[in-house]
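All residue numbers for the sequence shown refer to this note's numbering, where the first residue is 15 and numbers rise by one.
For glycine and all other residues, C-beta sits at the position ideal for the given N, C-alpha and C.
Single-structure report; data block below.
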Amino acid sequence: MISAWERLQSTRCCVCCHVRTGTIILGIWYMLINAVVLLILLTALSDPDQYHLTSAELANDLDVMDDANMCIASAISLLMIVICGMATYGAYKLHAAWIIPFFAYQVFDFALNALVAVSVVVYPNTIQDYLEQLPGNFPYKEQIMSMSNACLVLIVLLFIICILAFKAYLMVCVWSCYRYVNGRSAAEVLVYVTNTNDTTVSSTLLSDYIHDVPSQKY
């Protein structure tokens, strides 16, 4: 049997907030970030001459992002705003199904970062290749490239592991919120069914009692 302290801890996240509060804050934060990204992309689409980065500026043979890619990125940002809004609304209104898309996004994002960590271990030379593709005016590029490959792999792995740990904690927070909302909804349904059954049984007993009592003549 779960103690009251364990039950309390299972519904708490960072800074002792409730998992519902943490999920709402997380959903709003993601919405703000994606709203800013969407605003930047729409601004760049409205004035491509001012915000378009050419191949000469980045020492690359291809343009970084053409209009088609920017439209796709804008659509993804808009979709993320909708998903985060659904999670926020679901946590606030106690609708567990609305939280699932946001949790699925978290799982997908965690899997992508895990694949990046695996690729760094399997193909360590990709870090050097990536550094060589950076612009010449990138800060501390020469100092970073002068480091040994093993040291670079270790630093990148530690950085990715910290990110994965943080993302895993947020996943647990959202999943705990889903379980809490789902359990509370199930409890409310159970209480409603129990009350309905009690009312039906009481009505049946009262009806049987009325029929069993003989009519009195005055």
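Looking at the unbroken alpha helix (DSSP H) that takes in S160, where does it start and where does it end?
Here residue 160 is taken as the residue at index 146 of the sequence shown, counted from 1. It is not in any alpha helix (DSSP H) - S160 carries neither H nor E in the DSSP assignment.
Tell me the residue span of the alpha helix (DSSP H) that contains L145.
The residue given as residue 145 occupies position 131 in the sequence shown. Unbroken alpha helix (DSSP H) run through L145: 139-146.
Does A49 get closer than 7 angstroms to chain D when you measure Cβ to Cβ?
In the displayed structure, chain D is absent; only one protein chain is listed.
Could you work out which residue in S133, L40, V195 is closest to F116 when comparing CA atoms only?
Position 102 of the sequence shown holds residue 116. Measuring from the Cα of F116, the nearest candidate turns out to be L40.
Is it true that the CB of I95 sits closer than 7 angstroms to the CB of N48?
Translated into the one-based positions of the sequence shown, residue 48 becomes position 34. Translated into the one-based positions of the sequence shown, residue 95 becomes position 81. Yes.
Alpha carbon to alpha carbon, how far is M45 from L93?
For the purposes of this step, residue 45 is identified with residue 31 of the sequence shown, where counting begins at 1. For the purposes of this step, residue 93 is identified with residue 79 of the sequence shown, where counting begins at 1. Those two C-alpha atoms are separated by around 10 angstroms.
What residue from V132, I158, L148, F152 has the CA that sits closest to I175's CA?
Working through the sequence shown from its first residue, we reach residue 175 at position 161. Per the Cα distances, V132.
Report the residue from A101, F122, A128 whose alpha carbon sits nearest the alpha carbon of V195.
Within the sequence shown, residue 195 is the residue found at index 181, counting from 1. For the set A101, F122, A128, the Cα lying nearest the Cα of V195 is the one of A101.
Terminal residues of the continuous alpha helix (DSSP H) containing I113?
For the purposes of this step, residue 113 is taken as the residue at position 99 of the sequence shown. Looking at the DSSP string, I113 is not in any alpha helix (DSSP H), and its letter there is neither H nor E.
Report buried or exposed for M159, applying the criterion of at least 16 other Cβ atoms within 10 angstroms of its Cβ.
Walking along the sequence shown from the start, residue 159 turns up at place 145. M159 should be labelled exposed.
Measuring only the C-alpha atoms, how far is P149 from V134?
Taking the sequence shown and counting its residues from 1, the one referred to as residue 149 is at position 135. Taking the sequence shown and counting its residues from 1, the one referred to as residue 134 is at position 120. The straight-line gap from Cα to Cα measures roughly 21 angstroms.
Alpha carbon to alpha carbon, how far is F152 from A82? Give it in angstroms, no decimals.
Walking along the sequence shown from the start, residue 82 turns up at place 68. Walking along the sequence shown from the start, residue 152 turns up at place 138. Taking the straight line from one Cα to the other gives about 27 angstroms.
Among A111, L168, E156, whose alpha-carbon lies nearest the alpha-carbon of W189?
Looking up residue 189 in the sequence shown gives position 175. The shortest Cα separation from W189 among A111, L168, E156 belongs to A111.
What did DSSP end up calling D61 once you bin it into helix, strand or coil?
One-based indexing of the sequence shown puts residue 61 at position 47. Note: D61 maps to coil in three-state DSSP.
Can you have a look at T57 and say buried or exposed, based on whether 16 or more other CB atoms are within 10 angstroms of its CB?
Counting from one through the sequence shown, the residue named residue 57 turns up at place 43. Answer is exposed; the Cβ neighbour count stays below 16.
Do L172 and I141 come within 7 angstroms of each other at the CB atom, strictly closer than that value?
Position 127 of the sequence shown, counted from the first residue, corresponds to residue 141. Position 158 of the sequence shown, counted from the first residue, corresponds to residue 172. Cβ atoms of I141 and L172: not closer than 7 angstroms.
Am I right that L53 and N127 are in contact with their C-beta atoms under 8 angstroms? What's the rounded C-beta distance?
As a position in the sequence shown, residue 53 is number 39, starting the count at 1. As a position in the sequence shown, residue 127 is number 113, starting the count at 1. Rounded to the nearest angstrom, the Cβ distance from L53 to N127 is 25 angstroms, too far for a contact under 8 angstroms.
Alpha carbon to alpha carbon, what distance is there between L55 and D61?
Residue 61 sits at position 47 when you count from the first residue of the sequence shown. Residue 55 sits at position 41 when you count from the first residue of the sequence shown. Between D61 and L55, the C-alpha separation is close to 10 angstroms.
If you draw a straight line from the alpha carbon of A105 to that of F180, how long is it in whole angstroms?
The residue you call residue 105 lines up with position 91 of the sequence shown. The residue you call residue 180 lines up with position 166 of the sequence shown. Cα to Cα, A105 sits roughly 21 angstroms from F180.
Could you tell me the distance, in whole angstroms, from the CA atom of R193 to the CA atom of S91?
Taking the first residue of the sequence shown as position 1, residue 193 is located at position 179. Taking the first residue of the sequence shown as position 1, residue 91 is located at position 77. Going by the C-alpha atoms only, they are around 27 angstroms apart.
Any idea what DSSP makes of G150, helix, strand or coil?
One-based indexing of the sequence shown puts residue 150 at position 136. Coil.
For L171, name the three-state secondary structure that DSSP assigns.
Looking up residue 171 in the sequence shown gives position 157. Note: L171 maps to helix in three-state DSSP.
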